[in-house]
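Participant: Under numbering that gives the first Met the number 0, the first residue of the sequence shown carries the number 0, and numbering increases by one thereafter. C-beta: ideal position from N, C-alpha, C; glycine also. Can you keep this structure in mind? I'll have questions shortly.
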Amino acid sequence: MHADAHQLSHMTVITVDGLSKTFDMHVLGDTQVTGLSDVSFDVREGEFLAVVGESGSGKSSLLKCLYRTYDPTEGRIVYHGADGERREAVDLASCDDRTVIRLRDEAIGYTSQFLDEIPRVPAVDVVARPLREQGLSTDEAREQARDLLERLHLPEELWEAYPATFSGGERQRVNLAQALAPKPDLLLLDEPTSALDPETRQAAIDLLREYLDDGTTVVGVFHNTAVIEAVADRVVVLGNGALQGIVPIEAYEGAVVG
Ligand SMILES: Nc1ncnc2c1ncn2[C@@H]1O[C@H](COP(=O)(O)OP(=O)(O)O)[C@@H](O)[C@H]1O
Ligand SMILES: [Mg+2]
0 MHADAHQLSH
10 MTVITVDGLS
20 KTFDMHVLGD
30 TQVTGLSDVS
40 FDVREGEFLA
50 VVGESGSGKS
60 SLLKCLYRTY
70 DPTEGRIVYH
80 GADGERREAV
90 DLASCDDRTV
100 IRLRDEAIGY
110 TSQFLDEIPR
120 VPAVDVVARP
130 LREQGLSTDE
140 AREQARDLLE
150 RLHLPEELWE
160 AYPATFSGGE
170 RQRVNLAQAL
180 APKPDLLLLD
190 EPTSALDPET
200 RQAAIDLLRE
210 YLDDGTTVVG
220 VFHNTAVIEA
230 VADRVVVLGN
240 GALQGIVPIE
250 AYEGAVVG
């Protein structure tokens with residue numbers, strides 16, 4: 000059931016306006032592939048916005064544009080900042096790389112659908128790193144990292160091991176813990192629970208709920224209808240790279256999950 004625990008703000012965190020992403024496929028004789036086509040919507044402060052659509056509908060492209068892993072081809076992604084520290088709006092589609100890096104450090108977290116290359120660093124230190132960068136001592140950072148890994152059911156004997164040797168589900172926990180650790184204002188999650196068993200998925204949902212209660216805004220791609228119904232406020236439905244609709248969770252039927 001959707002617990003209406005947090006009050007939805009009317010403040011807008013992000014305005015996506017006419018966002019398009021096309022890929023030039025030189026190997027295919029200079030044809031173009033559409034990732035996103037003229038997508039517009041707002042993200043409200045403190046909301047959990049789920050993104051759904053069939054495979055290839057542009058969900059990952061959307062999150063990668065928001066995180067500026069992809070340079071959008073057209074459109075604007077205006078980041079208005081978190082409440083209390085409202086700075087001048089930044090267009091994530093066109094701002095310089097230094098601004099992107101600063102916002103990633105200070106405000107925006109991301110987990111990719113496919114696990115990135117994992118450094119030869121013990122799991123606990125992968126998670127502790129962003130905390131140390133925020134100024135915590137190594138001991139404090141590792142303590143918080145261990146708490147998160149425990150909450151996400153990573154077996155204790157793996158905390159000091161290298162994630163390179165982990166299963167998909169174990170790596171996913173490290174990935175999610177790393178994104179959650181610095182408590183970003185905005186979390187972009189691309190299928191962060193796809194490889195988790197039901198019990199661990201529930202633990203991840205409980206953790207995400209606590210973040211929502213603290214005011215974190217989440218834009219997340221989820222396959223699992225139960226997860227969406229448990230946490231989402233609104234659902235963005237994509238099809239062929241285009242926006243098919245934005246559905247409040249009360250009206251969401253779970254029909255278009257791909
Ligand atoms: N880096 C890329 N290069 C070329 N085509 C891409 C790239 N990323 C995504 N696409 C294409 O964009 C479309 C949307 O993909 P994606 O955003 O990954 O969809 P989803 O996450 O919904 O499965 C697909 O046709 C896909 O092949
Ligand atoms: Mg995807």
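For Leu188 versus Thr110, is the C-beta spacing smaller than 8 angstroms?
Facilitator: Position 189 of the sequence shown holds residue 188. Position 111 of the sequence shown holds residue 110. Yes, Cβ-Cβ distance for Leu188 and Thr110 is below 8 angstroms.
Participant: Please list the segments of the alpha helix (DSSP H) lying wholly inside the region 180 to 225, counting only runs of 4 or more residues, in order along the chain.
Facilitator: List check, alpha helix (DSSP H) in window: 197 to 212.
Participant: Answer yes or no: do Leu15 and Ser39 have a C-beta to C-beta separation smaller than 8 angstroms?
Facilitator: Translated into the one-based positions of the sequence shown, residue 15 becomes position 16. Translated into the one-based positions of the sequence shown, residue 39 becomes position 40. The sequence given here has Val at residue 15, not Leu. In contact: Val15 and Ser39 (Cβ atoms closer than 8 angstroms).
Participant: Could you check how far apart the C-beta atoms of Gly253 and Thr224 are, in whole angstroms? I think they sit under 8 angstroms.
Facilitator: Position 254 of the sequence shown, counted from the first residue, corresponds to residue 253. Position 225 of the sequence shown, counted from the first residue, corresponds to residue 224. Correct: roughly 4 angstroms between the Cβ atoms.
Participant: Specify the secondary structure class of Ala127 as computed by DSSP and reduced to three states.
Facilitator: The residue given as residue 127 occupies position 128 in the sequence shown. The answer is helix: DSSP assigns Ala127 an H, G or I state.
Participant: If Ser193 sits next to His152, beta carbons under 8 angstroms apart, how far is it from one beta carbon to the other, in whole angstroms?
Facilitator: As a working note, residue 193 is residue 194 in the sequence shown. As a working note, residue 152 is residue 153 in the sequence shown. About 16 angstroms; that fails the 8 angstroms criterion.
Participant: Considering just the uninterrupted stretch of the alpha helix (DSSP H) at Arg101, what are its terminal residues?
Facilitator: In the sequence shown, counting from the first residue as 1, residue 101 sits at position 102. Where Arg101 is concerned, the enclosing alpha helix (DSSP H) stretches over Asp96 to Glu105.
Participant: Please report the residue range of the alpha helix (DSSP H) in which Ser19 lies.
Facilitator: Taking the first residue of the sequence shown as position 1, residue 19 is located at position 20. From DSSP, Ser19 is part of no alpha helix (DSSP H) but of the beta strand (DSSP E) over Thr11 to Met24.
Participant: On the DSSP bridge list, what partners appear for Arg145?
Facilitator: Start at 1 with the first residue of the sequence shown, and residue 145 comes out as number 146. Arg145 is not bridged to any residue.
Participant: When a residue counts only if its C-beta is closer than 6 angstroms to some heavy atom of ligand 1, which residues count, in chain order?
Facilitator: Those residues, listed in chain order, are Phe22, Val32, Gly34, Gly52, Ser54, Gly55, Ser56, Gly57, Lys58, Ser59 and Ser60.
Participant: Thinking just about the alpha-carbon of each residue, which of Gly240, Asp37, Phe165 and Val99 is nearest to the one in Arg67?
Facilitator: Here residue 67 refers to the residue found at position 68 of the sequence shown. Answer by Cα proximity: Val99.
Participant: At a threshold of 7 angstroms, does Gln112 count as lining ligand 2 (C-beta to nearest heavy atom)?
Facilitator: By 1-based counting over the sequence shown, the position of residue 112 is 113. Correct: Gln112 has its Cβ closer than 7 angstroms to ligand 2.
Participant: So what's Gly167 in DSSP terms, helix, strand or just coil?
Facilitator: Your numbering for residue 167 matches position 168 in the sequence shown. If DSSP states are grouped into helix, strand and coil, Gly167 belongs with the helices.
Participant: Suppose the cutoff is 7 angstroms on Cβ atoms and the five residues either side in sequence are ignored; what does the same chain contact list for Ala140 look like?
Facilitator: By 1-based counting over the sequence shown, the position of residue 140 is 141. Within the same chain, Ala140 has close Cβ partners Ala127, Leu130 and Arg131.
Participant: Let me know the secondary structure DSSP gives Asp41 once reduced to three states.
Facilitator: In the sequence shown, the residue the question calls residue 41 occupies position 42. Strand.
Participant: Under the criterion of a Cβ to heavy atom distance below 7 angstroms, does Asp138 qualify as lining ligand 2?
Facilitator: Position 139 of the sequence shown, counting from 1, holds the residue named residue 138. The answer is no for Asp138.
Participant: How many angstroms separate the CA atom of Arg145 from the CA atom of Asp196?
Facilitator: Sequence index remark: in the sequence shown, residue 145 carries index 146 (1-based). Sequence index remark: in the sequence shown, residue 196 carries index 197 (1-based). Their Cα atoms are separated by approximately 20 angstroms.
Participant: Output yes or no for whether 8 angstroms exceeds the beta carbon distance between Leu207 and Val217.
Facilitator: To locate residue 207, count along the sequence shown from 1; it is residue 208. To locate residue 217, count along the sequence shown from 1; it is residue 218. Taking 8 angstroms as the Cβ cut-off, Leu207 and Val217 qualify as a contacting pair.
Participant: Count the other C-beta atoms from every protein chain shown that fall within 10 angstroms of the C-beta of Ala229, then say buried if there are 16 or more, exposed otherwise.
Facilitator: In the sequence shown, residue 229 corresponds to position 230, counting from 1. Buried: at least 16 other Cβ atoms inside 10 Å.
Participant: Using only CA atoms, which one of Val173, Gly219 and His79 lies nearest to His9?
Facilitator: Within the sequence shown, the letter at position 10 stands for residue 9. Answer by Cα proximity: His79.
Participant: Could you tell me the distance, in whole angstroms, from the CA atom of Leu237 to the CA atom of Ser59?
Facilitator: Along the sequence shown, one-based indexing puts residue 237 at 238. Along the sequence shown, one-based indexing puts residue 59 at 60. Cα-Cα distance, rounded: 11 angstroms.
Participant: Can you look up Ser36 in the DSSP assignment and give me helix, strand or coil?
Facilitator: Residue numbering aside, residue 36 sits at position 37 when the sequence shown is read from its first letter. In this structure, Ser36 counts as strand in the three-state DSSP scheme.
Participant: Tell me, please, which residues DSSP counts as bridged to Thr72.
Facilitator: The residue you call residue 72 lines up with position 73 of the sequence shown. DSSP output for Thr72 lists no bridge partner at all.
Participant: Starting from Leu242 and walking both ways along the beta strand (DSSP E), at which residues does that stretch end?
Facilitator: The residue you call residue 242 lines up with position 243 of the sequence shown. Element bounds for Leu242: Ala241 to Pro247.
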